[in-house]
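Worksheet for the structure shown next.
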Amino acid sequence: LTNAVKFTPENGRVWLQVAETDKTVVITVTDNGRGIAPEYIDRIFTNFFQVADHGHQNTGYGIGLALARNIVTLHHGTLRAESETADGNADGRTSFVVTLLKRRDHFDVSQLEQGKATGSATAKQAAGVTPHTPVSDLLPDPARTRPGILIIEDNPELRALVKDTFGKHYTVAEAADGQAGFELAASTLPDLVISDVMMPRMDGFELCRLMKTDPRTSHIPVILLTARSTQSDQVSGLETGADMYLTKPFSTKILELNVRNLLASRERLRQLFLNQVTTYNPIVPELKPALPAINAVEQEFLKTVIGIVEEHIDDPDFGVDMLSRKVAMSTPVLYKKIKAVSNMSVNDFVKSIRLKRAAQLLSGKQMTVYEVAFSVGYNDRKYFSQEFKKQFGKTPSEYAQASAG
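For the sequence shown, the working numbering assigns the number -7 to the initial residue and increments by one for each residue that follows.
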């Protein structure tokens, strides 16, 4: 039914028929879409088979038909296809016919007892996902908030299988096409995106390009999964900014390892950025951190945010609301973006920039502690001293004396 709806044009028709005999049940799904050429009829039941249709994008059948035939075969049934291609003004016609035996006489005892487990394993194998024993060291630290993963895949079976792989230890969201996936990524800012390449409305290449050039999503690692295995396809994917390109069929262990490594890499970048923001080196007094490992869009975003904070550094009322307006992001998105980049809340991020500027001024030995506090937006000297000591391990006076010595 999913494929019938997918390949039927607007105002087309889909028929579902069920017939019964003494020994069988026959289920037929028919549509009046463009049809399937005779040379492809048998091959469409192969995992991730693609049909090159003239005048259309390459048509990917994903795992749906392969999975369906595999499950039907487990039940000692058959699944076959019949099709006539569209010709001029005449519609095409495609039927998929499932024939199943009634009752349970055709199963032996072992099949009945192990059917549930066998079906689960077969589903994964049909999807091109290699079963494996879970590896404990792949799992994220349970003491931390679970990382969020967004799965973007138009094939519901494969989407469900990838979700099943990560759902126990990660917070998983789903989207069925590239456009919906980008909108969801921009509004929720997941920690990582796993996306198919061949999808309706927006393919994975365009999705990745948009994500890597949008300041809201530029920091999010993207893994592309696709049946396109040529070198040129892989180059195209990596040129759009994809962090990883895996071809189908893939091993879930390899996918989990890549997810873990990419998330660990982002965590290292956050810690590096945090250290640069919260420490002051009088030899290198530049407040803007230099992180060559992140992309140009992210560098520009950080430069813009830090520049805005510096422009308002003496304003005690400057905070999240004004900053979100200045960078043209909603407050929730700005919170998630800053957290993803620096592992800090927006308020802590702004405070760190203020205090780093204070350390710079104290090292210059030209201003009193009160003057420094006032110049970086603190009206309360005692509170300023408390916050300064939290970040630098010394009171402002002690810091100034150490710098003079």
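For each residue, glycine too, the CB sits at the ideal point set by N, CA and C. Please read these numbers as outputs of a predicted model, since none were measured by experiment.
- Here Lys382 is exposed. Its C-beta has fewer than 16 other C-beta atoms within 10 Å.
- Beta bridge pairing from DSSP links Leu92 with Val17.
- In the structure shown, Thr70 adopts extended strand secondary structure according to DSSP, grouped into three states.
- By the Cβ test, the segment 342 to 350 is in contact with the segment 298 to 312, since at least three Cβ pairs between them sit closer than 8 Å.
- For a cut-off of 8 Å, the C-beta gap from Val289 to Leu315 is around 18 Å, too long to register as a contact.
- Fewer than three beta-carbon pairs drawn from the segment 359 to 366 and the segment 324 to 331 are found closer than 8 Å, and the two stretches are therefore not classed as touching.
- If you look at Val342, you'll find it in the alpha helix (DSSP H) that goes Val338 to Gly356.
- One Cα belongs to Ser187, the other to Asn81, and the distance between them is close to 37 Å.
- DSSP places Gly311 in no alpha helix (DSSP H); its state is neither H nor E.
- Residue environment analysis places Tyr375 among the exposed positions, since fewer than 16 neighbouring C-beta atoms fall within 10 angstroms of its C-beta.
- For the pair Ile33 and Phe(-1), the Cα-to-Cα distance works out to about 15 Å.
- For Met236, the uninterrupted beta strand (DSSP E) run begins and ends at Met236 to Thr239, by DSSP.
- With fewer than 16 other beta carbons inside 10 angstroms of its own, Val227 counts as exposed.
- Nearest C-alpha to Phe174 among Ala394, Glu2 and Arg193: Arg193.
- Look at Glu76 here: in three-state DSSP terms it is strand.
- Boundaries of the alpha helix (DSSP H) harbouring Asp156: Pro148 to Phe158, taken from the DSSP string.
- The beta-carbon distance between Gly25 and Gly4, rounded to whole angstroms, is 6 Å. This is short enough to meet the 8 Å contact definition.
- Cβ contact annotation for Ser87 (same chain, cutoff 6 Å, sequence separation greater than five): Thr20, Thr22 and Glu74, in chain order.
- At the C-beta level, Asn335 and Gln263 come within 9 Å of one another.
- Note: Ser187 is bridge-paired with Ile144 and Leu216 in the DSSP secondary-structure output.
- The bridge partners DSSP lists for Val10 are Ile19.
- For Glu302, the enclosing alpha helix (DSSP H) starts and ends at Ala288 to Glu303.
- Glu175 sits in a helix when the DSSP states are folded into three classes.
- By the neighbour-count criterion, in which 16 or more other beta carbons inside 10 Å mark a residue as buried, Ser179 falls on the exposed side.
- Collapsing the DSSP output to three states places Ala82 in a strand.
- Ranking Thr(-6), Asn(-5), Thr91 and Phe158 by CA distance to the CA of Ile141 puts Phe158 first.
- Out of Glu379, Gln223, Glu390 and Thr137, the CA that lies nearest to the CA of Lys357 is found in Glu390.
- For Val17, the closest alpha carbon among the candidates Val64, Pro30, Glu198 and Asn(-5) is that of Val64.
- Nearest neighbour of Val10 by Cα position, chosen from Asn250, Val90, Asp100 and Asp83, turns out to be Val90.
- When only Cα atoms are considered, Asp309 and Thr(-6) end up about 55 Å apart.
- Only residues of its own chain outside the window of five on either side were considered, and among them Glu290, Ala332 and Val333 have a CB closer than 6 Å to the CB of His211, listed in chain order.
- Ranked by Cα distance from Lys204, the options Leu181, Lys245, Ser224 and Lys94 are led by Leu181.
- In the DSSP assignment, Ala365 falls within the unbroken alpha helix (DSSP H) covering Val361 to Ser367.
- DSSP places Ala60 in the helix class (H, G or I) of the three-state scheme.
- Taking a 10 Å sphere around the C-beta of Pro388, we find 16 or more other C-beta atoms and assign the residue as buried.
- Lys329 counts as buried, since no fewer than 16 other beta carbons sit within 10 angstroms of its beta carbon.
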